[in-house]
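In UniProt numbering, the protein residues as written are 1 to 209.
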């Protein structure tokens with residue numbers, strides 16, 4: 001049986017880890033105790049039993065348990081957010097496309113559909129897409145993050161400026177111009193820098209092979 005001192009040791013290790021949920025901490029402590037008792041009954045010392053229990057339960061550290069628990073608890077929310085992101089993107093893109101067609105054919109409602117689609121793409125779809133990318137942690141380096149941030153901001157301004165231009169609203173050219181400038185000065189350098197870095201890494205891997 002595990003002594004009170006040994007239980008305190010296990011509790012201190014778990015409670016001082018990256019795991020923030022009290023329920024997960026308690027369940028993990030119970031799990032550790034069960035595994036350790038089994039190993040001690042097989043003749044192993046407490047230190048040996050704890051080491052084996054740790055390797056079986058948290059081979060990559062307590063942070064992995066925290067990450068997996070967070071993912072499981074928020075999995076449905078993440079899926080729903082991604083579904084909403086891409087469905088909204090499709091609907092806004094469809095609205096823009098139909099609006100542009102109506103505009104060419106001089107059908108009624110063209111301006112409303114076109115502007116609504118461009119506005120939705122600018123201020124709903126693109127920000128949500130960027131948030132999803134950050135949550136998925138697809139960015140390994142700062143230059144990749146900046147590329148997406150500047151690219152998203154540039155496209156938002158360009159789409160908004162285009163919508164203003166179509167409706168003949170004031171400030172259209174200013175907004176559109178800012179979007180084009182940020183696209184050329186801020187986004188493109190990071191885009192080609194990342195392309196250059198990727199080509200260098202690929203060449204390095206080929207040399208190693």
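A virtual CB, placed ideally from N, CA and C, is assigned to each residue, including glycine.
Everything numeric in this text was worked out from a predicted model, so none of it was measured.
Would you decide whether residue i is buried or exposed? Buried here means 16 or more other CB atoms lie within 10 Å of its CB.
i: residue 142; result: exposed
i: residue 39; result: buried
i: residue 196; result: exposed
i: residue 10; result: buried
i: residue 204; result: exposed
i: residue 107; result: exposed
i: residue 182; result: buried
i: residue 79; result: exposed
i: residue 104; result: exposed
Since residue i contacts residue j with CB under 8 Å, what's their CB separation in whole angstroms?
i: residue 46; j: residue 6; result: 5 Å
i: residue 179; j: residue 146; result: About 17 Å separates the two Cβ atoms, so there is no contact after all.
i: residue 115; j: residue 159; result: The pair is not a contact, with the Cβ atoms about 10 Å apart (cut-off 8 Å).
i: residue 89; j: residue 125; result: 4 Å
i: residue 28; j: residue 53; result: Going by Cβ atoms, the distance from residue 28 to residue 53 rounds to 10 Å, so no, they are not a contact pair.
i: residue 212; j: residue 48; result: Residue 212 is absent from the structure shown; the chain starts at 1 and stops at 209.
i: residue 113; j: residue 102; result: 6 Å
i: residue 154; j: residue 186; result: 7 Å
i: residue 25; j: residue 19; result: 6 Å
Evaluate contact between the region 167-183 and the region 124-132, counting only Cβ atoms and requiring at least three cross-stretch pairs below 8 Å.
As far as the Cβ criterion goes, the region 167-183 does not touch the region 124-132, which means the pair count is below three.
Taking contact to mean at least 3 C-beta pairs separated by less than 8 Å, is the region 116-125 in contact with the region 160-168?
Verdict: yes, contact present.
Validate contact between the region 149-158 and the region 85-98 using beta carbons, cut 8 Å, 3 pairs:
The answer is no - the region 85-98 does not touch the region 149-158, with fewer than three Cβ pairs under 8 Å.
Inside the region 103-159 only - alpha helix (DSSP H) runs reaching at least 4 residues:
You should have 110-120, 126-135.
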